[in-house]
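Have a look at the structure below before the remarks.
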Amino acid sequence: MDLLSRQGLRTDGRRSDELRRISCKMGVFNQPDGSAYLEQGNTKVLAAVYGPHEIRVNRSKAPNDCAVINCQYSMATFSRSERKRRPRDNKSAELTVHLKQAMTTAIKTDLYPKSQIDIFVEVLQSDGGNYSVCVNAATLALIDAGIAMEEFVISCTSSLANGEVPLVDISHLEETLGGPSITVAILPISGKIAMLETSQRMHINHVEPVLTEAMRGCRYIYDTLNKTIKKHYEEIGGALNWGTEEYNI
Amino acid sequence: MSLVSLNEGEKVYIIHGVEENFRCDGRSRQDYRPLELEMDIVSNANGSARLRLANSDILVCVKVEIDTPLPETPNDGKIEYFVDCSANATPTFEGRGGEQLAAELSRFLSLAHCPVFNLSKLCIVSGQSCWKLFVDVLILECGGNLFDAVSLAAKAALCNTSLPNIVGTYEDGKNIDLQISDDPFDTKPLDARDLPVLVSLCKIGNNYVADPTIEEEICGAGCIVISVTPKGKVSAVLKKGAGSFMPDTLNEIIMSGSQIGVLLNKALEETITKDMSSNVCKQRFGFLK
Amino acid sequence: MNISISLASKKTRHGILKPTSNPPVIFTPGEKIRDEAGFMRGHGTYVSAGSLKATVAGVEQNINRLVTVSPLRCRYNGEIGDVVIGRITELVHKRWKVDLNARLDAVLLLTSIQLPGGELRRRGMEDEQSMRNYLSEGDLISAEVHSIFADGSLSLHMRSLKYGKLGQGVLIKVQSSLIKRSKNHFHNLTVGISIILGNNGYIWIEPTSNDNKDLVGLEDEFEQVVDIGDRQTISRVRNVILALSYYKMLIYDTSIQFALEESKKYTVSDLLTAEACYDIANLTRHRLQIMDE
Numbered sequence: 001m002d003l004l005s006r007q008g009l010r011t012d013g014r015r016s017d018e019l020r021r022i023s024c025k026m027g028v029f030n031q032p033d034g035s036a037y038l039e040q041g042n043t044k045v046l047a048a049v050y051g052p053h054e055i056r057v058n059r060s061k062a063p064n065d066c067a068v069i070n071c072q073y074s075m076a077t078f079s080r081s082e083r084k085r086r087p088r089d090n091k092s093a094e095l096t097v098h099l100k101q102a103m104t105t106a107i108k109t110d111l112y113p114k115s116q117i118d119i120f121v122e123v124l125q126s127d128g129g130n131y132s133v134c135v136n137a138a139t140l141a142l143i144d145a146g147i148a149m150e151e152f153v154i155s156c157t158s159s160l161a162n163g164e165v166p167l168v169d170i171s172h173l174e175e176t177l178g179g180p181s182i183t184v185a186i187l188p189i190s191g192k193i194a195m196l197e198t199s200q201r202m203h204i205n206h207v208e209p210v211l212t213e214a215m216r217g218c219r220y221i222y223d224t225l226n227k228t229i230k231k232h233y234e235e236i237g238g239a240l241n242w243g244t245e246e247y248n249i
Numbered sequence: 001m002s003l004v005s006l007n008e009g010e011k012v013y014i015i016h017g018v019e020e021n022f023r024c025d026g027r028s029r030q031d032y033r034p035l036e037l038e039m040d041i042v043s044n045a046n047g048s049a050r051l052r053l054a055n056s057d058i059l060v061c062v063k064v065e066i067d068t069p070l071p072e073t074p075n076d077g078k079i080e081y082f083v084d085c086s087a088n089a090t091p092t093f094e095g096r097g098g099e100q101l102a103a104e105l106s107r108f109l110s111l112a113h114c115p116v117f118n119l120s121k122l123c124i125v126s127g128q129s130c131w132k133l134f135v136d137v138l139i140l141e142c143g144g145n146l147f148d149a150v151s152l153a154a155k156a157a158l159c160n161t162s163l164p165n166i167v168g169t170y171e172d173g174k175n176i177d178l179q180i181s182d183d184p185f186d187t188k189p190l191d192a193r194d195l196p197v198l199v200s201l202c203k204i205g206n207n208y209v210a211d212p213t214i215e216e217e218i219c220g221a222g223c224i225v226i227s228v229t230p231k232g233k234v235s236a237v238l239k240k241g242a243g244s245f246m247p248d249t250l251n252e253i254i255m256s257g258s259q260i261g262v263l264l265n266k267a268l269e270e271t272i273t274k275d276m277s278s279n280v281c282k283q284r285f286g287f288l289k
Numbered sequence: 001m002n003i004s005i006s007l008a009s010k011k012t013r014h015g016i017l018k019p020t021s022n023p024p025v026i027f028t029p030g031e032k033i034r035d036e037a038g039f040m041r042g043h044g045t046y047v048s049a050g051s052l053k054a055t056v057a058g059v060e061q062n063i064n065r066l067v068t069v070s071p072l073r074c075r076y077n078g079e080i081g082d083v084v085i086g087r088i089t090e091l092v093h094k095r096w097k098v099d100l101n102a103r104l105d106a107v108l109l110l111t112s113i114q115l116p117g118g119e120l121r122r123r124g125m126e127d128e129q130s131m132r133n134y135l136s137e138g139d140l141i142s143a144e145v146h147s148i149f150a151d152g153s154l155s156l157h158m159r160s161l162k163y164g165k166l167g168q169g170v171l172i173k174v175q176s177s178l179i180k181r182s183k184n185h186f187h188n189l190t191v192g193i194s195i196i197l198g199n200n201g202y203i204w205i206e207p208t209s210n211d212n213k214d215l216v217g218l219e220d221e222f223e224q225v226v227d228i229g230d231r232q233t234i235s236r237v238r239n240v241i242l243a244l245s246y247y248k249m250l251i252y253d254t255s256i257q258f259a260l261e262e263s264k265k266y267t268v269s270d271l272l273t274a275e276a277c278y279d280i281a282n283l284t285r286h287r288l289q290i291m292d293e
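If you're matching them up, the sequences are chains W, X and G in order.
According to UniProt numbering, the first sequence is numbered sequentially starting from 1.
According to UniProt numbering, the second sequence is numbered sequentially starting from 1.
According to UniProt numbering, the third sequence is numbered sequentially starting from 1.
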């Protein structure tokens, strides 16, 4: 099966440089300090942030001058088309570590000494690029929780079709059938790379175009999410006087 | 859940309130908080439902697979319940923190459904193949009264489930090859309207309340969970929490639980019917609203 | 028996009220606010490559040359003099740890409370041993922020008659940014109910006591039963405040009073429904706007 038709269309009808539809909502739940729901195509993720709060476990081992970031990546048993037996396995443990690394690069942990920040992501429906969508959802939840960050962390996955054309924001089908793929998480304004992973061996000449395409995808996602956040704040901020009330007495 | 604690004054206030039949949020002892249901929100499942009961948020998905029946029950299909407490709900569920609660929920749910659910409906070829239903429950937020919320969501998801039609069978010696219809709309609905729902009654002081909040659950001296069918039959009873009950009160609680259960079933039935009748141009919101 | 199950798709989008004024510019993390030259970095900002950038999403505020950005929602950041409501979580050597929904638990020193038997008294071993008799785990207190430690945790005191242990009543939790700072956080509503609006987002509602509070306020009274009338008002106030908080409206005496007046057409348990909450929030905001003009 060709990933790219002769007309230049992918299996789901997108062009090679086209991303899936993004829709999101911040503040889905009341109990967490911050929460967000993000859909990129058919990949749907819920993220919740608790904290910063007192460190609950291993208090003695915790550093004294910065915050402890605690993550959990979990995939609902029904999230894929074939049922998963357990929501958390070795693969999700690995992604938990990657998520923690990517988020730690952006969070200003030195502002929160002796505290802990919990980031929990739950994949409700999986259709490729799970890790990337989780990173993006976690960023939204952190912003909703009012936690200081240097920048957004935005992630995107892209791969190579027919051995030459880079595909951005790949779906599950393209993940399984396609060639090598790169997942990258960046800080979109400065362009710094926070996390990078390749799925399999890849020719050095291909790295550059695929990576460029992934980073272009990240910037597009950043623009979309940034707009949504501003819109959300405009909607809810009015009744609150945009949090500036205390200075107007 | 352990994040909530109460001092004596708050407990006394709640207990007195229950005695007066006027609870902290203004409900009487038998009232439920407003519930909200949405069906068919996970596209890659055979049936799904999301239920919100105040702050409790439950997502249930049903998936079907083809399996071979057990040798002792060749004419029956299989059904399996799995509950996962997401860490999103509370940090205490992180890792294996929610497993005990999840095990209690899934075990009692299967116990409650077992006497009512007619597994022979899931049979395809006797002794050879049958449907296996996986009922996966995901708890996304806890606001008390998880048992009732989970059972309502599970029943709604099962009512929403449809089984693919089998268009042909080919016998190849001993093996039977099944051909499932390619058309995703060529399905037959699974009839689950007879399934019971769970009603938790929490004993506070000398009275008992329906739909307890987390605070009331802490105050209470124990809880009786009753599984009630739409006809008012009781299919299972569970006592949870510390504290003990006199046999007389237990009878009384079960009686009034079955009355509440009938109403709860009726309310769910009406909502599901309404959802099905408004099938045209239905828009899914899920978590976006 | 009142059971209602509604369909989510039937619900109109109740999450937000209609915007009234033109929103100001909102900055998100990493966005440049202005050049650094001539300005000072405040909360919610950092300096990078000669410009001030935001670390949280919010609106820029300037006090002279100080630039700050405050998020709409975050954990409670204490300021000296704030009235707070907290729950005792732990007893450690000569002090109580108090949960305030802040980043770190606050500390209440044994020396920061008024002990029974008069103002001037040395705290001896006996007091230290009977600390649990005064306040134990799970107890709720109202107190004032006394000082802020270097690591950001707060030290509280209860050395005034208005502070003390809280008895029978209802606690509700809202975001700390929703509590409007004002001179007085203790209000006796005309309906015979007292509320304490803790700056940390914890709100305490109790029946107004007629007799003067005993000296220390560390004693418990459980014999007394709150009568049904007060109980109904307390629940009404509770539901109304939750409705205001759902629509992210500032909570202070006037907004609560207006919302209470608007809620009269509903029964207390009706106030739990989304429709009633939306209606009340909308009407209250309308009245607040008229009052402002």
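Here a beta-carbon is modelled for each residue, glycine too, at the ideal position from N, C-alpha and C.
Open item on the list: Check for me: the alpha helix (DSSP H) holding residue 359/X runs from which residue to which?
Closed with: Past the boundaries of the shown model lies residue 359/X; chain X is included only from 1 to 289, so the question cannot be answered.
Open item on the list: Tell me whether the segment 29 to 37 of chain X and the segment 228 to 248 of chain G touch, counting them as touching only if at least three CB pairs, one residue from each stretch, are closer than 8 Å.
Closed with: no
TODO: Go to Ser106/X, then tell me how far its alpha helix (DSSP H) extends in each direction, as first and last residue.
DONE: Here residue 106/X refers to the residue found at position 106 of the second sequence. Where Ser106/X is concerned, the enclosing alpha helix (DSSP H) stretches over Glu99 to His113.
Task: Own chain residues within Cβ distance below 6 Å of Ser126/X, not counting five before or after - done: Taking the second sequence and counting its residues from 1, the one referred to as residue 126/X is at position 126. Same-chain partners within the cutoff: Pro74 and Asn75.
Task: Segment contact flag, the segment 51 to 61 of chain X with the segment 128 to 147 of chain X, C-beta cutoff 8 Å, min 3 pairs - done: yes
Open item on the list: Determine whether the beta carbon atoms of Glu79/G and Val145/G lie at a separation below 9 Å.
Closed with: As a position in the third sequence, residue 79/G is number 79, starting the count at 1. As a position in the third sequence, residue 145/G is number 145, starting the count at 1. Yes. Within cutoff.
Open item on the list: Quick check on Ala37/G: does DSSP put it in helix, strand or coil?
Closed with: Residue mapping note: residue 37/G aligns to position 37 of the third sequence, counting from 1. Three-state result, Ala37/G: coil.
Open item on the list: Quick check: Gly179/W and Leu160/W, are their CB atoms within less than 9 Å of each other?
Closed with: Within the first sequence, the letter at position 179 stands for residue 179/W. Within the first sequence, the letter at position 160 stands for residue 160/W. Yes, they are a contact pair.
Task: Touch test, the segment 11 to 25 of chain X against the segment 222 to 229 of chain G, Cβ-Cβ under 8 Å, three pairs minimum - done: yes
- [ ] Would you kindly work out how many angstroms separate the C-alpha atoms of Met149/W and Ser181/W, rounded to a whole number?
- [x] Taking the first residue of the first sequence as 1, we reach residue 149/W at position 149. Taking the first residue of the first sequence as 1, we reach residue 181/W at position 181. Answer to the nearest angstrom: the Cα atoms are 28 Å apart.
TODO: Indicate whether Met75/W and Pro63/W have their beta-carbon atoms separated by less than 9 Å.
DONE: As a position in the first sequence, residue 75/W is number 75, starting the count at 1. As a position in the first sequence, residue 63/W is number 63, starting the count at 1. In this structure, Met75/W sits away from Pro63/W, with a CB-CB distance that is not shorter than 9 Å.
TODO: Alpha carbon to alpha carbon, how far is Leu158/X from Asn206/X? Give it in angstroms, no decimals.
DONE: Counting from one through the second sequence, the residue named residue 206/X turns up at place 206. Counting from one through the second sequence, the residue named residue 158/X turns up at place 158. Each residue's alpha carbon lies about 37 Å from the other.
Open item on the list: Tell me which residues share the same chain as Ile170/W and place their Cβ nearer than 7 Å to its Cβ, disregarding the 5 neighbours each side in the sequence.
Closed with: Start at 1 with the first residue of the first sequence, and residue 170/W comes out as number 170. For Ile170/W, the CB contacts under 7 Å within the same chain, skipping 5 residues up- and downstream, are Gly128, Gly129, Thr157, Ser158, Ser159, Gly178 and Ser181 in chain order.
Task: Local conformation of Ile189/W per DSSP, three classes - done: Walking along the first sequence from the start, residue 189/W turns up at place 189. Three-state result, Ile189/W: coil.
TODO: Report yes if the CB atom of Ile226/X is closer than 9 Å to the CB atom of Val209/X, and no otherwise.
DONE: Translated into the one-based positions of the second sequence, residue 226/X becomes position 226. Translated into the one-based positions of the second sequence, residue 209/X becomes position 209. No, the Cβ-Cβ distance between Ile226/X and Val209/X is not below 9 Å.
TODO: Give the single residue among Gly201/G, Gly42/G and Phe186/G whose Cα lies nearest to the Cα of Ile195/G.
DONE: As a position in the third sequence, residue 195/G is number 195, starting the count at 1. It is Phe186/G whose Cα lies nearest to the Cα of Ile195/G.
- [ ] Report the neighbours of Cys74/G on chain W: residues whose CB is nearer than 7 Å to its CB, in chain order.
- [x] Counting from one through the third sequence, the residue named residue 74/G turns up at place 74. In chain order: Ala145 and Gly146.
Open item on the list: Is there a C-beta anywhere in chain G that falls below 9 Å from the one on Phe29/W?
Closed with: Along the first sequence, read from residue 1 onward, the residue named residue 29/W stands at position 29. No, Phe29/W lies away from the interface with chain G (no Cβ there is under 9 Å from its Cβ).
Open item on the list: Are the CB atoms of Pro71/G and Ser177/G within a distance shorter than 9 Å?
Closed with: Against the third sequence, residue 177/G aligns to sequence position 177. Against the third sequence, residue 71/G aligns to sequence position 71. Yes, these two residues count as a Cβ contact at 9 Å.
- [ ] Measure the alpha-carbon distance for Arg34/G versus Lys44/W and round it to whole angstroms.
- [x] Residue 34/G sits at position 34 when you count from the first residue of the third sequence. Residue 44/W sits at position 44 when you count from the first residue of the first sequence. Whole-angstrom Cα-Cα distance: 36 Å.
Open item on the list: Below 8 Å on C-beta distance, what does Pro32/W contact in chain X?
Closed with: Stepping through the first sequence from its first residue, residue 32/W is reached at position 32. By Cβ distance, chain X contributes Asn88.
Open item on the list: Which same chain residues end up closer than 8 Å to Lys213/G when comparing Cβ atoms and leaving out the 5 residues on each side of it in sequence?
Closed with: Within the third sequence, numbered from 1, the residue matching residue 213/G stands at position 213. Per-residue confidence for Lys213/G stands at a pLDDT of 49, beneath the threshold of 50, marking its modelled position as unreliable; no derived number is given.
Task: Nearest-angstrom Cα separation, counted from Arg80/W out to Leu59/W - done: Taking the first residue of the first sequence as position 1, residue 59/W is located at position 59. Taking the first residue of the first sequence as position 1, residue 80/W is located at position 80. The sequence shown places Arg at residue 59/W, rather than the Leu named in the question. Going from the Cα of Arg59/W to the Cα of Arg80/W covers about 37 Å.
Task: Residue range of the unbroken alpha helix (DSSP H) whose run includes Asn70/W - done: Within the first sequence, the letter at position 70 stands for residue 70/W. No alpha helix (DSSP H) contains Asn70/W, which is instead part of the beta strand (DSSP E) from Val68 to Met75.
Open item on the list: If distances are taken between C-alpha atoms only, which option among Val234/X, Met246/X and Leu268/X comes closest to Met256/X?
Closed with: As a position in the second sequence, residue 256/X is number 256, starting the count at 1. Checking the sequence, you will find Ser at residue 256/X rather than Met. Residue Val234/X is the option with its Cα nearest to Ser256/X.
Open item on the list: For the alpha helix (DSSP H) containing His172/W, name the first residue and the last one.
Closed with: For the purposes of this step, residue 172/W is taken as residue 172 along the first sequence, with counting starting at 1. Segment His172 to Leu177, the alpha helix (DSSP H) holding His172/W.
Open item on the list: Using a 10 Å radius around the Cβ and a threshold of 16 neighbouring Cβ atoms, would you call Ile79/X buried or exposed?
Closed with: As a first step, residue 79/X is located in the second sequence; it is residue number 79 there, counting from the start. Ile79/X comes out buried.
TODO: Classify Val225/G as helix, strand or coil using the three-state DSSP reduction.
DONE: Along the third sequence, one-based indexing puts residue 225/G at 225. The answer is coil: DSSP assigns Val225/G none of H, G, I, E or B.
TODO: Work out the CA separation of Pro71/X and Thr198/W for me, nearest whole Å.
DONE: As a first step, residue 198/W must be located in the first sequence, where it is residue number 198. As a first step, residue 71/X must be located in the second sequence, where it is residue number 71. Going from the Cα of Thr198/W to the Cα of Pro71/X covers about 47 Å.
- [ ] Assign Cys24/X to one of three DSSP states: helix, strand, or coil.
- [x] Stepping through the second sequence from its first residue, residue 24/X is reached at position 24. In this structure, DSSP gives Cys24/X a state outside helix and strand, which the three-state scheme calls coil.
TODO: Consult DSSP for Arg216/W and reduce its assignment to one of helix, strand or coil.
DONE: Here residue 216/W is taken as the residue at index 216 of the first sequence, counted from 1. If DSSP states are grouped into helix, strand and coil, Arg216/W belongs with the helices.
TODO: Throw me the rounded Cβ distance for the Phe27/G and Ala49/G pair, which I believe falls under 8 Å.
DONE: For this step, residue 27/G is matched to residue 27 along the third sequence. For this step, residue 49/G is matched to residue 49 along the third sequence. So it is not a contact: roughly 16 Å between Cβ atoms.
Task: Reduced DSSP category for Gln200/W - H, G, I as helix; E, B as strand; rest coil - done: On the first sequence, position 200 is the one that residue 200/W refers to. Gln200/W falls in the coil class under three-state DSSP.
Task: Cα-Cα separation, Asn248/W to Lys180/G - done: Here residue 248/W is taken as the residue at index 248 of the first sequence, counted from 1. Here residue 180/G is taken as the residue at index 180 of the third sequence, counted from 1. Bear in mind that a pLDDT of 41 at Asn248/W, under 50, signals an unreliable position, so the model cannot answer this.
Task: Ser89/X versus Ala153/X - alpha carbon distance - done: Stepping through the second sequence from its first residue, residue 89/X is reached at position 89. Stepping through the second sequence from its first residue, residue 153/X is reached at position 153. Residue identity check: residue 89/X is Ala in the sequence provided, not Ser. Approximately 17 Å, taken between the alpha carbons.
- [ ] List the DSSP bridge partners of Phe186/G.
- [x] For the purposes of this step, residue 186/G is taken as residue 186 along the third sequence, with counting starting at 1. The partner list for Phe186/G (beta bridge, DSSP) reads Ile196/G.
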